[in-house]
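Asks: Per this note's numbering, the sequence shown starts with residue -3, numbered consecutively.
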Amino acid sequence: MTALHVAVLMGGFSSERPVSLASGNPCADALEAEGFRVTRIDVTRNVASVLAELKPDVAFNALHGPFGEDGTIQGILEYLQIPYTHSGVLASALAMNKVQAKRVAGACGIPIAEDRLMQRAEIGQTHPMAPPYVVKPVNEGSSFGVVIVDEGQSAPPQSITSSEWPYGETVMVERFVRGREFTCGVVDGKPLCVTEIVPVGQKFYDFDAKYKPGGSKHILPAEVKPNIYQKIQSLAVQAHQIMGCRGVSRSDFRFDEERGEEGLIWLEINTQPGMTPTSLVPEMAAEAGMSFGAFLRWMVEDASCLR
-3 MTALHVAVLM GGFSSERPVS LASGNPCADA LEAEGFRVTR IDVTRNVASV LAELKPDVAF
57 NALHGPFGED GTIQGILEYL QIPYTHSGVL ASALAMNKVQ AKRVAGACGI PIAEDRLMQR
117 AEIGQTHPMA PPYVVKPVNE GSSFGVVIVD EGQSAPPQSI TSSEWPYGET VMVERFVRGR
177 EFTCGVVDGK PLCVTEIVPV GQKFYDFDAK YKPGGSKHIL PAEVKPNIYQ KIQSLAVQAH
237 QIMGCRGVSR SDFRFDEERG EEGLIWLEIN TQPGMTPTSL VPEMAAEAGM SFGAFLRWMV
297 EDASCLR
């Protein structure tokens, strides 16, 4: 029997290129160890012609950031009729836009924080809401461009309106939620365990906390009251379903214990969770008894078009 040919899409040209390479190469290694025939593709703007010539059986999407997570590469794969992993065009585009994803989640009863959609030039020298608040690029991942404005700051940081700001003109200004940080993966519509993320030496779960060894401590299963643990799992599944996700997703939360269950706030959903050595979802899968190779094999076997 001929081995299934899997094209692992990685790299690309977004700000998250290094993260994608750090995810894609371990995935390619593990899929080869599982017996698949693997071609590694460092994605450029001619990826459609590369794939049309290669004709793989499946595309394993290990891209991160714009083009890889926002429905664009998914649309190319649909056009070429190449089955692919993770979510489809609509779910990817919706989840990548933090504001629109929150609008849908909030309308369906998922608890979210107050926010404002703004052009960064509008922020100027005046706080758009009373601190503390967070400024986030609308269409970036890996915490790129996230700025926390603390109480006591007289004005927003100048970096937000700097000419060197590389993350687009539209930002979300969101009420900062104090407390603990949790995340929960969903595989095939079912929740994995809840993980608490404790940054080490960082103010929040920023790029370094996510990807540098020792940058954060992952506690799984999270040590939190059962009602909160179950609520996190339930909300993660709900978000996965209402966004129309397929395959694997991961939802992030903040929890202010002083407010009880009302202090649990959904932040966002990630349709392309990282697969690096420090990533969260592979740890959750391992806790559920799935080896990294078996987990990726499931993702390949789950691949399809019209997702």
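All residues carry an ideal CB built from backbone N, CA and C; glycine is no exception. It should be emphasised that the depicted structure is a prediction, and the values quoted were computed from it without experimental measurement.
1. Given a threshold of 16 other Cβ atoms within 10 Å of its Cβ, counted over all protein chains shown, does Val196 qualify as buried or as exposed?
2. Under the three-state reduction of DSSP, which class applies to Ala218: helix, strand or coil?
3. Can you tell me whether Gly181 is helix, strand or coil according to DSSP?
4. From Ser150 to Leu302, what distance separates their C-alpha atoms?
5. Residues in the same chain with beta-carbon distance under 8 Å from Pro217, minus the five sequence neighbours each way, listed in chain order, please.
6. In the structure shown, what three-state DSSP assignment does Leu260 receive?
7. Would you mind working out which of Asp38, Ser155, His82 sits nearest Pro269, comparing C-alpha positions?
8. Once you ignore the five residues that flank Ala48 on each side, which residues in its own chain have a CB closer than 7 Å to its CB?
9. Considering Cα atoms alone, identify which of Glu170, Gln237, Pro222 is closest to Asp111.
10. So the candidates are Gly20, Val85, Ile72; which of them puts its Cα closest to the Cα of Ala58?
11. Taking Cβ positions, are Val54 and Gln70 nearer each other than 8 Å?
12. Can you tell me whether Cys104 is buried or exposed? The criterion is at least 16 other CB atoms within 10 Å of its CB, across all chains shown.
13. Ends of the beta strand (DSSP E) at Ile305?
14. Quick one: which unbroken alpha helix (DSSP H) runs of 4-plus residues sit fully inside the stretch 62 to 134? Chain order, please.
15. Taking the straight line between their C-alpha atoms, what separation do you get for Tyr207 and Glu147?
Replies: Inspection of the coordinates gives the following:
1. Locating residue 196 in the sequence shown gives position 200, where the first residue counts as 1. That one is exposed.
2. As a first step, residue 218 must be located in the sequence shown, where it is residue number 222. Looking at Ala218 - three-state DSSP - the assignment turns out to be coil, as it is neither helix nor strand.
3. Translated into positions along the sequence shown, residue 181 becomes position 185. It is a strand residue.
4. By 1-based counting over the sequence shown, the position of residue 150 is 154. By 1-based counting over the sequence shown, the position of residue 302 is 306. Ser150 and Leu302: Cα-Cα distance of roughly 50 Å.
5. For the purposes of this step, residue 217 is identified with residue 221 of the sequence shown, where counting begins at 1. Same-chain partners within the cutoff: Cys189, Val190, Thr191, Tyr225, Glu283.
6. Start at 1 with the first residue of the sequence shown, and residue 260 comes out as number 264. Under the three-state reduction of DSSP output, Leu260 falls in the strand class.
7. Residue numbering aside, residue 269 sits at position 273 when the sequence shown is read from its first letter. Looking at the Cα atoms, His82 is the closest of the given residues.
8. Counted from its first residue, the sequence shown places residue 48 at position 52. Taken in chain order, the residues that qualify are Leu76.
9. Sequence index remark: in the sequence shown, residue 111 carries index 115 (1-based). Considering only alpha carbons, the answer is Glu170.
10. Counted from its first residue, the sequence shown places residue 58 at position 62. Checked all of Gly20, Val85, Ile72; the closest Cα to Ala58 is Gly20.
11. For the purposes of this step, residue 54 is identified with residue 58 of the sequence shown, where counting begins at 1. For the purposes of this step, residue 70 is identified with residue 74 of the sequence shown, where counting begins at 1. Between Val54 and Gln70, the C-beta gap is not smaller than 8 Å, which leaves the two residues out of contact.
12. Along the sequence shown, read from residue 1 onward, the residue named residue 104 stands at position 108. Classification for Cys104: exposed.
13. The first residue shown for the chain is -3 and the last is 303, placing residue 305 beyond what the model contains.
14. 68 to 76, 85 to 92, 94 to 103, 116 to 119
15. Residue mapping note: residue 207 aligns to position 211 of the sequence shown, counting from 1. Residue mapping note: residue 147 aligns to position 151 of the sequence shown, counting from 1. Low local confidence applies: a pLDDT of 46 at Tyr207 is under 50, so the model's placement there is unreliable, with the coordinate-based value given in what follows. So the alpha carbons of these two residues sit roughly 28 Å apart.
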